[in-house]
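Colleague: The listed protein sequences derive, respectively, from chains W and S. So for the first sequence, this note's numbering puts the first residue at 42; every next one is plus one. So for the second sequence, this note's numbering puts the first residue at 7; every next one is plus one.
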Amino acid sequence: MTEPAMTFREMNLRVFQGLPNPHIFFQPRFEPWFHWHKLFGQLPPHYPQEDVRELYDDLGVSMRYVAYYTGAEPPIVTRYSPEVKITRRFEERSGVCIYHTPYGDLTEGFKKTLDEEWRTIEFPAKSLDDLRALRWLIEHTRLSFSAENFAAGSDYVGLRGEPQFYLPKSPYQALAQVWMKLPDLIYALADAPQEMEEIMRVIDDSYDALYEQICASGMVKIINLGENLHEALFSHRYFEKFYLPWYEKRCGQLRQAGIFSHIHIDGYFHSLLKYLKDLPFDGLEALTPQPQGDVSLEELKEHLGDKILIDGIPAVLFMDTYSREQLMETTEKIVKLFAPRLILGVSDEVPEGTGSESIERVRMIADWCRRTPAQP
Amino acid sequence: MEERIKAIFDCVVNGDNKGIQAEVETALAEGVNPSAILNEGLIAGMGEVGRLFEEGEFFVPEMLIAARAMKSAMAILKPHLGSGEVGAAGKVIIGTVKGDLHDIGKNLVGLMLEGAGFQVVDLGSDVPAEKFVAATQEHAPNVVAMSALLTTTMVNMKSTVAALEEAGLRDKVKIMIGGAPVTDAYASQIGADGYAADASRAVALAKSLTA
Numbered sequence: 042m043t044e045p046a047m048t049f050r051e052m053n054l055r056v057f058q059g060l061p062n063p064h065i066f067f068q069p070r071f072e073p074w075f076h077w078h079k080l081f082g083q084l085p086p087h088y089p090q091e092d093v094r095e096l097y098d099d100l101g102v103s104m105r106y107v108a109y110y111t112g113a114e115p116p117i118v119t120r121y122s123p124e125v126k127i128t129r130r131f132e133e134r135s136g137v138c139i140y141h142t143p144y145g146d147l148t149e150g151f152k153k154t155l156d157e158e159w160r161t162i163e164f165p166a167k168s169l170d171d172l173r174a175l176r177w178l179i180e181h182t183r184l185s186f187s188a189e190n191f192a193a194g195s196d197y198v199g200l201r202g203e204p205q206f207y208l209p210k211s212p213y214q215a216l217a218q219v220w221m222k223l224p225d226l227i228y229a230l231a232d233a234p235q236e237m238e239e240i241m242r243v244i245d246d247s248y249d250a251l252y253e254q255i256c257a258s259g260m261v262k263i264i265n266l267g268e269n270l271h272e273a274l275f276s277h278r279y280f281e282k283f284y285l286p287w288y289e290k291r292c293g294q295l296r297q298a299g300i301f302s303h304i305h306i307d308g309y310f311h312s313l314l315k316y317l318k319d320l321p322f323d324g325l326e327a328l329t330p331q332p333q334g335d336v337s338l339e340e341l342k343e344h345l346g347d348k349i350l351i352d353g354i355p356a357v358l359f360m361d362t363y364s365r366e367q368l369m370e371t372t373e374k375i376v377k378l379f380a381p382r383l384i385l386g387v388s389d390e391v392p393e394g395t396g397s398e399s400i401e402r403v404r405m406i407a408d409w410c411r412r413t414p415a416q417p
Numbered sequence: 007m008e009e010r011i012k013a014i015f016d017c018v019v020n021g022d023n024k025g026i027q028a029e030v031e032t033a034l035a036e037g038v039n040p041s042a043i044l045n046e047g048l049i050a051g052m053g054e055v056g057r058l059f060e061e062g063e064f065f066v067p068e069m070l071i072a073a074r075a076m077k078s079a080m081a082i083l084k085p086h087l088g089s090g091e092v093g094a095a096g097k098v099i100i101g102t103v104k105g106d107l108h109d110i111g112k113n114l115v116g117l118m119l120e121g122a123g124f125q126v127v128d129l130g131s132d133v134p135a136e137k138f139v140a141a142t143q144e145h146a147p148n149v150v151a152m153s154a155l156l157t158t159t160m161v162n163m164k165s166t167v168a169a170l171e172e173a174g175l176r177d178k179v180k181i182m183i184g185g186a187p188v189t190d191a192y193a194s195q196i197g198a199d200g201y202a203a204d205a206s207r208a209v210a211l212a213k214s215l216t217a
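(1) Do you know whose CA, among Pro-286/W, Leu-338/W and Gly-324/W, lies nearest Pro-330/W's CA?
(2) Check the C-beta distance from Pro-67/S over to Phe-275/W and give it rounded, since I have them as a contact under 8 Å.
(3) Let me check understanding here. Comparing Cα to Cα, which of Cys-256/W, Pro-286/W, Ser-195/W and Asn-265/W lies closest to Gly-298/W?
(4) When DSSP labels each residue in this structure, what does Pro-209/W get in the three-state scheme?
(5) At least one CB of chain W closer than 9 Å to the CB of Gly-121/S: is that the case?
(6) May I have the straight-line CA-CA distance separating Asp-307/W from Glu-9/S, to the nearest angstrom?
(7) Would Gln-195/S be called buried (16 or more neighbouring beta carbons within 10 Å of its own) or exposed?
(8) Under 8 Å between beta-carbons, which chain W residues line up against Glu-68/S? List them in chain order, please.
(9) Going by DSSP in three states, Phe-191/W sits in which element: helix, strand or coil?
(10) Quick check on Gly-308/W - is its C-beta less than 9 Å from some C-beta in chain S?
(11) Could you tell me the distance, in whole angstroms, from the CA atom of Met-42/W to the CA atom of Arg-412/W?
(12) Which residues of the segment 42 to 63 of chain S have a Cβ closer than 9 Å to any Cβ of chain W? Give them in chain order.
(13) Out of Asp-190/S, Met-80/S and Gly-21/S, state which residue places its alpha-carbon closest to the alpha-carbon of Phe-228/S.
(14) In whole angstroms, what separates the C-alpha of Leu-200/W from that of Phe-206/W?
(15) What did DSSP end up calling Leu-320/W once you bin it into helix, strand or coil?
(16) Does DSSP put Val-66/S in a helix, a strand or coil?
(17) Report the neighbours of Gln-6/S on chain W: residues whose CB is nearer than 9 Å to its CB, in chain order.
(18) Checking 9 Å against the spacing of the C-beta atoms, do Met-47/W and Pro-63/W come in under that value?
(19) State the start and end residues of the unbroken alpha helix (DSSP H) segment that holds Val-92/S.
(20) Using the C-alpha atoms, what's the distance from His-108/S back to Gly-101/S?
(21) Mapping the DSSP letters down to three states, classify Ile-300/W as helix, strand or coil.
(22) Quick one: which residues of the segment 128 to 143 of chain S get their C-beta closer than 7 Å to a C-beta of chain W? List them in chain order.
(23) Report, in whole angstroms, the separation of the C-beta atoms of Met-182/S and Leu-215/S, which I expect to be a contact under 8 Å.
(24) Would you say the segment 243 to 253 of chain W touches the segment 178 to 191 of chain W, given that touching needs at least three Cβ pairs under 8 Å?
(25) Rounded to the nearest angstrom, how far is the Cβ of Gln-270/W from that of Trp-220/W, given a contact under 8 Å?
(26) Are any of the Cβ atoms in chain W nearer than 9 Å to that of Pro-192/S?
(27) For Thr-154/W versus Ile-139/W, is the C-beta distance shorter than 9 Å?
(28) Between Ala-186/S, Ser-206/S, Pro-187/S and Asp-199/S, which has its C-alpha nearest Arg-176/S's C-alpha?
(29) Taking Cβ positions only, does Leu-211/S come closer than 9 Å to chain W?
(30) Anyone know if the C-beta pair for Leu-48/S and Phe-15/S falls short of 9 Å?
(31) Does the beta-carbon distance from Phe-262/W to Phe-301/W come in below 9 Å?
(32) Determine the DSSP secondary structure at Glu-72/W, reduced to helix, strand or coil.
(33) In the DSSP output, what is Ile-227/W paired with across the bridge?
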């Protein structure tokens, strides 16, 4: 009797468990590519037209996230207390969201970009004067894990991969990317460090219930702490003070619940190399080597320790600026250096708007991966 | 005088926003030459910040608070400077290209260029090619600097270069680009004069392009 073929979902988990796989596991992310081409009526006619999962199946590659450009409801639900009054005013291409608090209004501004997605152009807290209002808003916001949404997302991904999602950002990152414009955060940290530490504590506390629910659910096997770390956001002093202890605390919780974790690091990260091997995560996602990033593959190998490299192929290599030979050469080198502690993928996504060539390059790599043993 | 300028230099390097204002006011009251405050205190201080950044001792936060201190000092110093002294290193038009709303990198480059003595005309983000052309006609800069964070928007760098060419301005300016998906190879491909990976290198590139 023939053994049934291993599913991508099984293979995905086995990489984290340190178990052997029959071939290189390839999990490229191209949901934004699909969304873009579908939105603008540019999907090549011979590709699936409606559902990105069909393209994943057509290419024979694995899928990672349950609610990313798929229209699915995210597994983390945000609810505000009844006291929080929010005014939303949106026009065709721009909009504002005003949070009314007893300590003043916090205004968040949005603009639609080329891909018809809303991007924040004005952050709610502009200076130290807004901290009381921000604190009140966070204390009156509840984040919770929706088992129902996760189950639906899990069904959506099916056997294409172990279903995953992003957790909210660490307190510093939340301030730097969600609540404040980076320079405003840096100025506030320089001018009132204790107040800023206090607001970080409040943000962290607001995650307690969420982490407890996820850990208790028994449904989640691999999770991403999101973050979108890159070295332009902090100094080493801040990284050691605000990030590392928080990672230890939250990863520890996840680990105790038997959940594997990884973190998204994109952009330049050369100055972070010295920290990588001791980070408490099982894997590091989207690390982008040269020519797009500032780190060579050899440097990365030297500093990664036993962490799983998730992705690794620079996104620009999927564009016709670079040849297919250059892409293949880099891919082979990544596999040689990092397999079997590797979930091969794109750092961080196949670029939007790049036509069928980039997807055909994904197909080329997928074919190669199926022929290539996962063990060196 | 030297001590006062050294104190101003140190305030820039340490990002001491309150201290620098007091130091510059005191220096001016003591009759210290405003040009010396600018060149030996502020610009030299920002140069040191750039050096420490390149050596990996400083990071973006240190650059930001240094640039803020420099800006505060300039607000006090500017009325005391001659018309040709501000922005003497050259003029740079800077913007994030059309479709792209990211501006952290672009702003940092602008701040560091100002800190190095350039006059910076910031066109903001989501800047169409026509606006780069109009600003080049209006301000006659030495350098046009473009930023993009997305692979979908970096193509607008190419169309901006083409628009400058079409307007007969390409030979009159140097073009430099930067941003996450941009590389040296891409700069060559679209006919830009250079690519810089970060704000400090952008200053060095602008200096070399205007030398």
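Heads up, the beta-carbon is just placed ideally off N, CA and C, and yes, glycines get one too. Values in this document were obtained by computation on a predicted structure and should not be read as measured data.
Modeller: Walking through what the data contain:
(1) Counting from 1 along the first sequence, the entry for residue 330/W is found at position 289. Taking the Cα of Pro-330/W as reference, the smallest distance to any Cα among Pro-286/W, Leu-338/W and Gly-324/W is reached at Leu-338/W.
(2) Here residue 67/S refers to the residue found at position 61 of the second sequence. Here residue 275/W refers to the residue found at position 234 of the first sequence. Yes, Pro-67/S and Phe-275/W are in contact; Cβ-Cβ is about 6 Å, under 8 Å.
(3) Here residue 298/W refers to the residue found at position 257 of the first sequence. According to the sequence shown, residue 298/W is Ala rather than Gly. Out of Cys-256/W, Pro-286/W, Ser-195/W and Asn-265/W, Cys-256/W has the C-alpha closest to the C-alpha of Ala-298/W.
(4) The residue given as residue 209/W occupies position 168 in the first sequence. If DSSP states are grouped into helix, strand and coil, Pro-209/W belongs with coil.
(5) For this step, residue 121/S is matched to residue 115 along the second sequence. False, the Cβ-Cβ gap to chain W never drops below 9 Å.
(6) Walking along the first sequence from the start, residue 307/W turns up at place 266. Walking along the second sequence from the start, residue 9/S turns up at place 3. If you take the alpha carbons of Asp-307/W and Glu-9/S, they lie about 43 Å apart.
(7) For the purposes of this step, residue 195/S is taken as the residue at position 189 of the second sequence. Of the other Cβ atoms in all chains shown, fewer than 16 fall within 10 Å of the Cβ of Gln-195/S; this residue is therefore exposed.
(8) Along the second sequence, one-based indexing puts residue 68/S at 62. In chain order: Ser-276.
(9) The residue labelled residue 191/W in the question sits at position 150 within the first sequence. It is helical.
(10) The count along the first sequence starts at 1 and reaches residue 308/W at position 267. Answer yes: the Cβ-Cβ gap between Gly-308/W and chain S drops below 9 Å somewhere.
(11) Translated into positions along the first sequence, residue 42/W becomes position 1. Translated into positions along the first sequence, residue 412/W becomes position 371. With a pLDDT of 46 at Met-42/W, under the threshold of 50, the modelled position of that residue is not reliable, and no figure is offered here.
(12) The segment 42 to 63 of chain S vs chain W, Cβ under 9 Å: Gly-62.
(13) This structure does not reach residue 228/S, given that chain S is present from 7 up to 217, and the question cannot be answered.
(14) Numbered from its first residue, the first sequence carries residue 200/W at position 159. Numbered from its first residue, the first sequence carries residue 206/W at position 165. Looking at the two C-alpha atoms, the distance is approximately 16 Å.
(15) Within the first sequence, residue 320/W is the residue found at index 279, counting from 1. Coil, per DSSP.
(16) Position 60 of the second sequence, counted from the start, is the residue given in the question as residue 66/S. In the three-state reduction of the DSSP assignment, Val-66/S falls in the helix class.
(17) Summary: the structure shown does not reach residue 6/S, with chain S confined to residues 7 through 217, and so no result is reported for it.
(18) Within the first sequence, the letter at position 6 stands for residue 47/W. Within the first sequence, the letter at position 22 stands for residue 63/W. Their beta carbons are under 9 Å apart, which means Met-47/W touches Pro-63/W by this criterion.
(19) For the purposes of this step, residue 92/S is taken as the residue at position 86 of the second sequence. Judged by DSSP secondary structure, Val-92/S falls outside any alpha helix (DSSP H); it is assigned neither H nor E.
(20) Counted from its first residue, the second sequence places residue 101/S at position 95. Counted from its first residue, the second sequence places residue 108/S at position 102. In a straight line, the C-alpha of Gly-101/S is about 10 Å away from that of His-108/S.
(21) As a first step, residue 300/W must be located in the first sequence, where it is residue number 259. In the structure shown, Ile-300/W sits in coil (DSSP, three-state: anything other than H, G, I, E or B).
(22) none
(23) What you label residue 182/S is simply residue 176 of the second sequence in a count that begins at 1. What you label residue 215/S is simply residue 209 of the second sequence in a count that begins at 1. Yes, Met-182/S and Leu-215/S are in contact; Cβ-Cβ is about 6 Å, under 8 Å.
(24) yes
(25) In the first sequence, residue 270/W corresponds to position 229, counting from 1. In the first sequence, residue 220/W corresponds to position 179, counting from 1. Strictly speaking, residue 270/W in this sequence is Leu, with Gln absent from that position. So it is not a contact: roughly 17 Å between Cβ atoms.
(26) Walking along the second sequence from the start, residue 192/S turns up at place 186. The sequence shown places Tyr at residue 192/S, not Pro. Yes, its Cβ sits closer than 9 Å to a Cβ of chain W.
(27) Here residue 154/W refers to the residue found at position 113 when the first sequence is read from its first residue. Here residue 139/W refers to the residue found at position 98 when the first sequence is read from its first residue. The answer is no: Cβ separation not under 9 Å.
(28) As a working mapping, residue 176/S is identified with position 170 in the second sequence. The shortest C-alpha separation from Arg-176/S is found at Asp-199/S.
(29) The residue labelled residue 211/S in the question sits at position 205 within the second sequence. It does not; no Cβ of chain W falls within 9 Å.
(30) In the second sequence, counting from the first residue as 1, residue 48/S sits at position 42. In the second sequence, counting from the first residue as 1, residue 15/S sits at position 9. Contact flag set, yes.
(31) Start at 1 with the first residue of the first sequence, and residue 262/W comes out as number 221. Start at 1 with the first residue of the first sequence, and residue 301/W comes out as number 260. One point to set straight first is that residue 262/W is Lys, not Phe, in the sequence displayed. A contact, by the Cβ cut-off of 9 Å.
(32) Taking the first sequence and counting its residues from 1, the one referred to as residue 72/W is at position 31. Correct three-state label for Glu-72/W: helix.
(33) Along the first sequence, one-based indexing puts residue 227/W at 186. Per DSSP, Ile-227/W has no beta-bridge partner at all.
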